[in-house]
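Residue numbers (the working numbering): 4 to 121.
Put into structure tokens, the structure is as follows:
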């Protein structure tokens with residue numbers, strides 16, 4: 004599974020977002036379902052996009068909603084309206100090539116992605 008999360012943090016919530024994000028990122032890095040991730044900041048320090056790869060949907064949901072870093076950050080964001088804009092997209096990959104922060108293919112059971120002859 005691929006999760007894409009995009010948000011624009013309200014300036015008054017930046018410190019809380021950074022604090023919560025550190026805990027959530029640490030939990031992801033140590034979660035058995037996490038295959039790798041990339042974070043992109045387009046308008047520092049407020050606009051962020053995270054793309055993360057997960058072994059299965061169930062493991063991604065375990066990370067997102069079980070007690071710990073992400074669940075606490077998510078609850079805080081909803082309660083305090085941390086973001087001006089927020090978007091979440093869940094994708095089921097059909098093919099995969101390469102890896103993302105790991106030394107093995109991210110999705111070894113999928114066929115190789117056709118990269119336009121590259």
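Heads up, the beta-carbon is just placed ideally off N, CA and C, and yes, glycines get one too. It should be emphasised that the depicted structure is a prediction, and the values quoted were computed from it without experimental measurement.
In this structure residue 68 is exposed. Its beta-carbon is surrounded by fewer than 16 other beta-carbon atoms within 10 angstroms. DSSP places residue 82 in the uninterrupted alpha helix (DSSP H) bounded by 72 to 83.
A direct Cα-Cα distance of roughly 27 Å separates residue 37 from residue 87. Partner residues in the beta bridge of residue 56, as assigned by DSSP, are 5 and 39. Residue 62 sits in a helix when the DSSP states are folded into three classes. Using a 10 angstroms sphere on the CB of residue 44, the tally of other CB atoms stays under 16, which defines it as exposed. Look at residue 34 here: in three-state DSSP terms it is coil, with no helix or strand label.
By the Cβ test, the stretch 61 to 78 is not in contact with the stretch 8 to 15, since fewer than three Cβ pairs between them sit closer than 8 Å.
Contact between residue 74 and residue 23 does not hold, since the beta-carbon distance rounds to 10 Å and is not under 8 Å.
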